[in-house]
Amino acid sequence: MARYLVFDLETENYKTYKRFANPFDEINYVVARGWKAQGDERCSWSYHTGRSPENRLHIPDDVTLLVGHNLKFDLLWEWDNPELKAFFKRGGRIWCTQYAEYLIQGARQDYHMPSMDFIIESYGGRKKIDEVKALWEMGVKTSQIDKDLLIDYLVGTEAEGRNSGDIGNTELIFLGQIKKAMGKSMLKMIHTRMDGLCATAEMEFNGLKIDVEEARRRIKDMGEELIEMDAELEQYIPELPPELKFNWASNVHKSALIFGGTLKYIKKAPYIDEKTGTVARKQATEQWPLFGGYPTSPEGLAPCPNHYPTIFYPGQDVYTSGKKKGQGRFKAVTVPGEVKQKNQEFHVELPGYTVPDKKWETKNTDAVGHPVYQTSDDVIEELGSRDIPFLKLMAKRQSLVKDLGTYYLRYDESKKEYVGMMTCVMKHSHIIHHSLNHTSTVTTRLSSSDPNCQNIPKEGTSEVKKMFISRFAGGKMIEIDYTQLEIVVQALLTGDKQLIEDLLNKVDFHCKRVAAWKNISYEEAVARCKNPAHQEYKLWHGYRTDAKVFSFQRAYGAGAAKISDTTGMAVDDVKDLIEAEELLYPDILSFNQRVEQAVQKSAVPFRDPIRGFRTFRRGTWQAPTGTLYSWRTYDAPKWAKDKGINDTFMPTEMKNYPVQGTGGEIVQMQLGLLWRHFVANDNYGGRALLCNTVHDCVWIDSQPDVVHEVAVDAKRILESVPESLERIFGIHSPVPFPCEVEVGNNLFDKQVYHV
DNA sequence: TGTTAGAGCGCC
DNA sequence: AAAAGGCGCTCTAACA
């Protein structure tokens, strides 16, 4: 008989290498484990004081589904548990209630990483005792929390029959979600994505091997390069007061330097006392001599020549009796002392090297309220023709600092700690265990964090990828990419005949756009744009680059004005090109219209707590796979408001989410299959490991002897999208999903691998 | 001392 | 007619 098993762990919770309750660090261990198999009347639990062979989840042979909330967290603790491996090998599946809830709710922002408490009441349950949570928030370690209290939290109190707590709530949510998912035709889609979740758990477990020697070399070199650059740049900084150190990382400083502006700095200085209207001073006491009973300032008085030091000044009052008889009389007088200083804001105006364009204004202002201007790469590029001496070097410095501080290591003086990706490299293994998040985007794409391993600079930007090496002796890194995934997905979703035909014919879309734009044949465009021997190659290759930018922008729904702005193409040319596309691929237009109609039709009002509880609307569209997408309205643009329309959906978002989301979904589906293949083959006998995914690609670390086999298998499995769609969803794909394999000693020095 | 918004920028 | 999509990290500046 098939049964589900709900389980949950309470673990020691030291955050190390940016990872909360890091399971890869021996410092942490499972403190308490709770579980309940389908049909059990009470939850079971165990309590532990450290790692041990007994501290493992037991999975009975008839269990076919593991259930948990934020299940990947718990699974990673058990990932090398032989019983879990056997469970997966016999086809066992998982259900994460957090992921399922996110999907059921259409990936809405407010359902990203939903906590159990956030959703429990909608499934008829009660929020848990928050005493344990309060202890955690105070920084108490799990192992220090009273055992009975922790167990109550985990599985419910004796009074509740030990059938509540985290475990009971998870079961309640799970059962409710199954019903909801069936009602919305989402069950197959959710089950499919859960295998994708296993694939990324495997990747986090395996992590990424870092060449720390290479990292050290680069950090040293870059540090030296930075010092040289700063010395070279120094000459362009105007003379500034010593309290103001020009900061090349400050947008305010850069804007003022380039375009002129006022910088502020803090300096200790005298100030006017409001009470007296004069310069503020400390109080001091002085001993003033008395003359005729009145104290007089001794300043300017000559000392008494005959009676000094008993009588200080000529004519000074003297004591006539007592111990001090005959001595000069003094009185303590309060006088203004040392000038007081306090921290005050001072300004210094920089003349600037050139005049800014109004469109570069930012929301920020300088010390006197003038706008701060953008100093981004785009702006620097536009300034290229203005003959400003230091801009190139400044841009170079900017990218070096970005590289060093984000992807290597840099000491942050203000935070008094190191920052950068290297802080996540584990000390002995030299592995980065990154996080791949399934519930953090509105399109159902994955995200990555701690560190983000989905934005590592590619060749041409940085040498960072050289650090990513194989963990095996003589091993290779394999990267497999889908080619033009989003265009393929657009063809799948829209069923556009021409787009399908073009994909099948392997048309170069950019050349095709150039042909439409310049009114020449496709063949002629290819000849001019792609053949360096052509006499006008340079010009036409440039047109193709414009067309490329055009396609990306169109994919994101940009309008003619914006595209004209970034490419420099004439607005009318862009408009013509858009029109030509709509005629060429008419089903893309009609698909977008169908999505918009569905969104408008399903729209319901809601109040936005972030925008003063004002009313907006939310609408959805469901993809053929069952994935639900959700959009909200925003304040209407001015021209719409003039027509009495208050709030509008963003057409750009409506065009983009289905394509971006379905692309992500397809990759995740295939990752699940790939992972199943690796499970069935015991990771090629431990010789190849899945280790990362970046939206349309997969990274694999492999021993040299299985590289070919792995590359062939992985390419075949990833390309089997049409078969998967047919088998799981009964969807026919009119287009293939081709992939390209690259292999190298690291992720930088890799080459196309023909299988 | 810690939090937050904005700018900027890396990836797809 | 019209508004370039999705992420996460680092840095500064302003604020409590």
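In this note's numbering, the protein residues as written are 5 to 759.
Using N, Cα and C, we set each Cβ at its ideal position, and we do this for glycine too.
For residue i and residue j, I'd like the C-alpha separation in whole angstroms.
i      : j      : result
Arg618 : Ile123 : 23 angstroms
Thr631 : Met471 : 37 angstroms
Gly296 : Gln320 : 8 angstroms
Ile108 : Ala185 : 7 angstroms
Val760 : Arg548 : Since the first residue shown for the chain is 5 and the last is 759, residue 760 is missing from the structure and cannot be characterised.
Leu69  : Ile473 : 36 angstroms
Asp391 : Ala399 : 14 angstroms
Val34  : Arg23  : 16 angstroms
Ser48  : Glu175 : 14 angstroms
Arg37  : Val698 : 33 angstroms
Phe11  : Gly72  : 6 angstroms
Glu16  : Glu82  : 15 angstroms
Pro302 : Thr289 : 13 angstroms
Ala371 : His351 : 7 angstroms
Thr20  : Asp84  : 20 angstroms
Asn26  : Ile171 : 22 angstroms
Leu508 : Ile491 : 12 angstroms
Lys748 : Lys469 : The residue you asked about is not Lys; residue 748 is Gly in the sequence shown. Distance between the alpha carbons of Gly748 and Lys469: 11 angstroms.
Gly330 : Thr282 : 41 angstroms
Val67  : Phe752 : 44 angstroms
Thr447 : Trp625 : 12 angstroms
So residue i packs on residue j, CB below 8 angstroms; how close in whole Å?
i      : j      : result
Ile436 : Leu212 : 5 angstroms
Val671 : Ala715 : The Cβ separation is near 18 angstroms, so there is no contact.
Ile63  : Leu79  : Actually they are not in contact, since the Cβ atoms of Ile63 and Leu79 sit about 12 angstroms apart, beyond 8 angstroms.
So residue i is in the beta strand (DSSP E); what residue range does that whole segment cover?
i      : result
Asp12  : Arg7 to Thr15
Glu270 : Note on identity: in this sequence residue 270 is Ile, with Glu being the wrong assignment. Counting along the chain, the beta strand (DSSP E) containing Ile270 begins and ends at Gly265 to Pro274.
Ile704 : Cys701 to Ser706
Thr652 : Asp651 to Phe653
Cys457 : No beta strand (DSSP E) contains Cys457, which DSSP labels as neither H nor E.
Asp639 : Leu632 to Asp639
Phe610 : Val608 to Asp612
Trp39  : Val34 to Ala41
Tyr688 : Segment Asp686 to Gly690 is the alpha helix (DSSP H) holding Tyr688; no beta strand (DSSP E) there.
Ser48  : Ser48 to Tyr51
Asn624 : Note that residue 624 corresponds to Thr in the displayed sequence, not to Asn. First-last of the beta strand (DSSP E) with Thr624: Arg618 to Gln626.
What is the residue span of the alpha helix (DSSP H) that residue i lies within?
i      : result
Asp577 : Val575 to Leu588
Ala559 : Tyr541 to Ala559
Ser568 : Ala564 to Thr571
Glu236 : Val216 to Glu238
Thr289 : Per DSSP, Thr289 belongs to no alpha helix (DSSP H); it is in the beta strand (DSSP E), Arg285 to Phe295.
Arg23  : Arg23 -> no alpha helix (DSSP H), and no H or E assigned at all.
Lys642 : Lys642 to Lys645
Cys202 : Leu191 to Asn210
Val714 : Val711 to Glu723
With 16 as the cutoff for other CB atoms within 10 Å, does residue i come out buried or exposed?
i      : result
Leu497 : buried
Leu158 : buried
Val575 : exposed
Trp643 : exposed
Asp481 : The displayed chain sequence assigns Met, not Asp, to residue 481. Buried, because 16 or more other Cβ atoms sit within 10 Å of the Cβ of Met481.
Val256 : buried
Thr4   : Residue coverage of the chain in this structure runs from 5 to 759, which leaves residue 4 outside it and unanswerable.
Ile276 : exposed
Ser525 : exposed
Lys327 : exposed
Arg611 : exposed
Met142 : exposed
Asp225 : exposed
Gln494 : buried
Leu543 : exposed
His712 : exposed
Val739 : buried
Val578 : buried
Ser466 : buried
Gly478 : exposed
key: Every unbroken beta strand (DSSP E) within the region 320 to 365, with a cutoff of 3 residues, ordered by chain   = 334 to 343 and 345 to 354
request  = Taking only runs that begin and end inside the region 56 to 135, name each unbroken alpha helix (DSSP H) of 4 or more residues, in chain order.
outcome  = 75 to 82, 86 to 93, 101 to 108 and 120 to 124
ask   = What are the complete alpha helix (DSSP H) segments, minimum 4 residues, inside the region 151 to 176?
value = 151 to 159
message = What ranges does the beta strand (DSSP E) occupy inside the region 376 to 454, keeping only unbroken runs of at least 3 residues that lie completely in it?
response = 414 to 416, 421 to 423, 439 to 441 and 451 to 453
request  = At 3 residues or longer, and completely inside the region 473 to 542: list those beta strand (DSSP E) runs for me, N to C.
outcome  = 480 to 486
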